[in-house]
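Novice: Chains as they are written, first to last, in our numbering: chain A, 284 to 630; chain B, 284 to 630. Every residue, glycine too, gets a C-beta built ideally from N, C-alpha and C. Can you keep this structure in mind? I'll have questions shortly.
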DNA sequence: TTTTAGCACTCAAAGAGCTAGAGTGCTAAC
DNA sequence: GTTAGCACTCTAGCTCTTTGAGTGCTAAAA
């Protein structure tokens with residue numbers, strides 16, 4: 284894998300990939316020599332190509348066609364050849380201003396960013412709502428709605444608001460509610476969300492029982508809801524620019540199109556896709572994605588972090604033949620933007 | 284338009300439409316005679332077809348092909364021929380139970396219903412969030428988040444919760460906030476949302492100024508937000524089953540596919556599409572839609588009404604060659620379900 | 001008068017054959 | 001080690017033909 288590779292081979296590989304990204308066609312030695320003026324001939328290129336193919340970086344659709352990059356080829360490109368091409372597309376500030384003006388709710392920000400990103404790169408964009416496990420609760424409130432319904436409101440340190448309606452089986456008096464509210468507020472405010480787990484909850488339950496002597500059932504219910512609202516696995520996914528997929532020649536046959544559009548409808552799948560990553564910025568090329576139907580796709584995902592501690596993901600889904608440099612910078616930029624915008628609106 | 288049409292012609296037209304819906308192919312006299320055993324011959328059918336074509340109910344893609352229904356043909360079918368075919372697909376109760384269990388937020392309900400409907404009919408489903416203008420405010424609360432930020436919470440009589448973060452330019456003391464809260468709550472609780480307009484707002488502003496002597500600016504800001512949150516034109520649109528479009532043979536060429544998928548991404552467009560209807564249940568066939576790109580599509584939309592007074596829309600988007608009876612009953616059913624579920628969770 | 005059988009005609013879709021052109025790999029010369 | 005030259009390969013696109021479902025018209029039958 285870590286074979287040595289001559290600079291000339293690198294040059295050829297890079298040119299092939301760039302050309303293929305541009306045209307979506309197999310590229311041949313002739314065209315390559317014509318477009319890029321190398322100081323060696325098509326014949327030499329052919330030899331290098333044969334080598335590169337043997338090394339696994341290129342593939343040949345059929346004997347008399349040009350070469351196309353393999354997943355491995357793209358991988359090498361992204362890891363080693365792309366460097367110089369990266370650029371910050373434009374200044375953050377311009378976008379920041381424009382976006383932070385009208386938008387305010389998390390939802391609007393998320394969908395706005397997804398839209399912006401997809402427009403920018405001309406591929407499908409995906410944004411996941413921030414998870415809260417690393418942020419703190421800065422405020423917690425229970426409002427009665429009707430005799431059996433409460434509205435639980437939790438504001439996190441990153442300035443995001445969550446609410447959820449809670450159905451109770453037993454009626455609560457005003458006093459009981461006030462008590463409950465006070466206890467929960469005292470115990471939970473300022474607490475890091477990831478620490479609200481088993482032992483702590485048990486302790487909380489004890490206290491509630493002691494101080495309010497409710498039925499354990501009700502308390503349990505409440506706790507479920509609280510933990511549910513907080514470390515919800517169910518972070519919402521925002522997609523935009525799905526139709527850009529149609530522009531890609533590799534998806535010009537309905538079958539493959541159908542396959543990938545179907546995947547984009549399965550939210551859980553996307554969540555897994557985007558969540559299961561370790562690095563700050565990750566590029567998954569072709570078959571590196573575990574999802575069968577996405578073997579022809581690449582995924583570029585970055586992590587954004589909010590001041591208060593929440594984290595989420597932004598990404599782009601496109602064909603393996605993707606303009607990696609441009610996409611990577613844009614995704615990066617967007618992640619940064621999201622942090623900035625939410626943090627500023629959270630002030 | 285209100286031409287008389289013989290029962291035999293009706294029979295033929297109905298058979299053609301049903302056959303075409305099934306096969307997506309032009310239908311000829313021969314096949315028709317074979318499949319449906321009429322008591323008249325293909326030749327007669329041909330004559331009737333020629334008549335029906337002249338009347339505008341049928342079209343011929345080219346001279347030597349069979350006939351396909353025109354928009355007018357479908358219209359006639361939906362208005363006059365379809366009757367007997369309508370059926371309630373299944374009992375409401377089963378769905379109701381299943382759905383109302385875990386789902387609780389409006390968002391979840393809406394997206395859940397969109398998903399269910401699209402699965403049921405195998406076309407794209409669209410659901411719009413309920414508008415509030417006809418319901419009342421049952422509770423209103425302002426919570427401080429930070430020195431310059433308030434959380435405005437409005438609960439409507441239909442049991443739906445809305446919240447919005449409000450940025451203030453001036454700091455508020457606790458007392459001022461309490462005052463503000465009390466006044467707003469007193470003046471707005473129980474009020475029908477559509478009546479919160481110009482004169483009433485002016486009056487409210489006067490009172491606020493008198494009682495709190497804030498800068499008019501701040502008050503204005505607050506009012507904007509309140510009215511914004513309430514009669515927001517920006518009702519969210521939930522789409523599901525977009526990929527079902529790909530199953531339709533009429534969209535097997537990428538161009539038309541692209542056109543319609545692009546439309547489905549423009550939320551404002553969809554909002555208009557779904558909102559601009561007068562009747563409780565409306566069927567828009569082909570060119571009856573004003574949207575250019577949807578000339579090959581039909582739209583079936585029903586209105587749902589919540590107990591407290593909100594209304595929204597549910598619909599299905601599919602090819603003109605749509606299984607109208609099944610779709611209409613399903614859309615109807617779904618509208619009913621939505622009312623029931625939200626009303627029951629709103630109790 | 002209405003319906004039907006028969007027939008000549010039409011047209012798209014599918015298959016067969018052909019050509020052009022871009023590309024390759026190999027060999028031999030530089 | 002590099003390159004020019006050449007024979008060979010394979011697809012995409014073109015035309016040509018065939019096939020078959022379908023029509024409209026006419027004349028006979030009901």
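For the beta strand (DSSP E) containing residue 556 of chain B, list its first residue and its last residue.
Specialist: Looking at the DSSP string, residue 556 of chain B is not in any beta strand (DSSP E); the run it does join, the alpha helix (DSSP H), is 550-558.
Novice: Sort B/306, B/471 and B/540 by Cα distance to residue 526 of chain B and report the nearest one.
Specialist: The residue with the shortest Cα to Cα distance from residue 526 of chain B is B/540.
Novice: What are the start and end residues of the beta strand (DSSP E) that includes residue 325 of chain A?
Specialist: Counting along the chain, residue 325 of chain A falls outside any beta strand (DSSP E), though it belongs to the alpha helix (DSSP H) covering 325-337.
Novice: Using 10 angstroms around the beta-carbon of residue 532 of chain A, count the other beta-carbons present and answer buried if the total reaches 16, otherwise exposed.
Specialist: By the neighbour-count rule (16 or more Cβ atoms within 10 Å), residue 532 of chain A is not buried but exposed.
Novice: With a cut-off of 8 Å, does the C-beta of residue 249 of chain A fall near any C-beta of chain B?
Specialist: No answer is possible for residue 249 of chain A: the residues shown for chain A start at 284 and end at 630.
Novice: Indicate the three-state DSSP secondary structure (helix, strand or coil) for residue 519 of chain A in the structure shown.
Specialist: Residue 519 of chain A: coil per DSSP, three-state reduction.
Novice: Please return the same chain residues whose Cβ sits closer than 7 Å to the Cβ of residue 609 of chain B, not counting the five positions on each side in sequence.
Specialist: Within the same chain, residue 609 of chain B has close Cβ partners 404.
Novice: Nearest-angstrom Cα distance between residue 438 of chain A and residue 586 of chain B?
Specialist: So the two alpha carbons sit approximately 35 Å from each other.
Novice: Over the uninterrupted alpha helix (DSSP H) stretch that includes residue 356 of chain B, give me the two end residues.
Specialist: Unbroken alpha helix (DSSP H) run through residue 356 of chain B: 354-359.
Novice: Starting from residue 450 of chain A, follow the beta strand (DSSP E) in both directions and report where the run begins and ends.
Specialist: Its beta strand (DSSP E) spans residues 444-450.
Novice: In chain order, which alpha helix (DSSP H) runs of at least 4 residues are fully inside the region 573-630 of chain B?
Specialist: 607-628, all fully within the region 573-630 of chain B.
Novice: Under 6 Å Cβ to Cβ from residue 426 of chain B, same chain only, skipping five residues before and after it: list those, please.
Specialist: So the list reads 434, once near-sequence residues are dropped.
Novice: Can you tell me whether residue 331 of chain B is buried or exposed? The criterion is at least 16 other CB atoms within 10 Å of its CB, across all chains shown.
Specialist: It counts as buried.
Novice: Is there a Cβ from chain B that is less than 8 Å from the Cβ of residue 266 of chain A?
Specialist: This structure gives no information on residue 266 of chain A, because the portion of chain A shown stretches from 284 to 630.
Novice: From residue 350 of chain B to residue 549 of chain A, what does the alpha carbon distance come to, in whole angstroms?
Specialist: Going from the Cα of residue 350 of chain B to the Cα of residue 549 of chain A covers about 39 Å.
Novice: Can you tell me which of the three DSSP states residue 456 of chain A falls into?
Specialist: Three-state DSSP puts residue 456 of chain A in coil, outside helix and strand.
Novice: Quick one: does residue 245 of chain B have its CB under 8 Å from some CB of chain A?
Specialist: With chain B running from 284 to 630 in the structure shown, residue 245 of chain B is simply not present.
Novice: Let me know the beta strand (DSSP E) ranges lying completely inside the region 386-435 of chain B, each 3 residues or longer, listed in chain order.
Specialist: Listed in chain order, the complete beta strand (DSSP E) runs (minimum 3 residues) inside the region 386-435 of chain B are 407-411 and 420-429.
Novice: Tell me the DSSP bridge mates of residue 297 of chain B?
Specialist: DSSP, once it has assigned bridges, lists no residue as partnering residue 297 of chain B.
Novice: Under 9 Å between beta-carbons, which chain A residues line up against residue 525 of chain B? List them in chain order, please.
Specialist: Under the 9 Å cutoff, chain A gives 525, 544, 547 and 548.
Novice: Going by DSSP in three states, residue 472 of chain B sits in which element: helix, strand or coil?
Specialist: Residue 472 of chain B falls in the coil class under three-state DSSP.
Novice: Scan the region 411-444 of chain B for residues whose Cβ lies nearer than 9 Å to a Cβ of chain A and list them as they occur along the chain.
Specialist: Listed by position, the residues of the region 411-444 of chain B near chain A (Cβ gap below 9 Å) are 421, 422, 424, 426, 427, 428, 429, 431, 432, 434, 436, 438, 442 and 444.
Novice: From the DSSP output, which residues share a beta bridge with residue 567 of chain A?
Specialist: Partner(s): A/582.
Novice: Could you compute how far the alpha carbon of residue 322 of chain B sits from the alpha carbon of residue 360 of chain B?
Specialist: Taking the straight line from one Cα to the other gives about 22 Å.
Novice: Which residues bound the alpha helix (DSSP H) around residue 536 of chain A?
Specialist: Here residue 536 of chain A belongs to no alpha helix (DSSP H), and DSSP marks it neither H nor E.
Novice: What are the boundary residues of the alpha helix (DSSP H) that residue 440 of chain A is part of?
Specialist: Note, residue 440 of chain A: premise wrong, no alpha helix (DSSP H); not H, not E.
Novice: Does any C-beta atom of chain B lie closer than 8 Å to the C-beta of residue 320 of chain A?
Specialist: False, the Cβ-Cβ gap to chain B never drops below 8 Å.
Novice: Using a Cβ-Cβ cut-off of 8 Å, state whether residue 446 of chain A counts as contacting chain B.
Specialist: Cβ-Cβ to chain B under 8 Å: yes for residue 446 of chain A.
Novice: Pairing CB atoms from the region 599-614 of chain B with CB atoms from the region 404-421 of chain B, are three or more of them under 8 Å?
Specialist: Touching, per the Cβ criterion.
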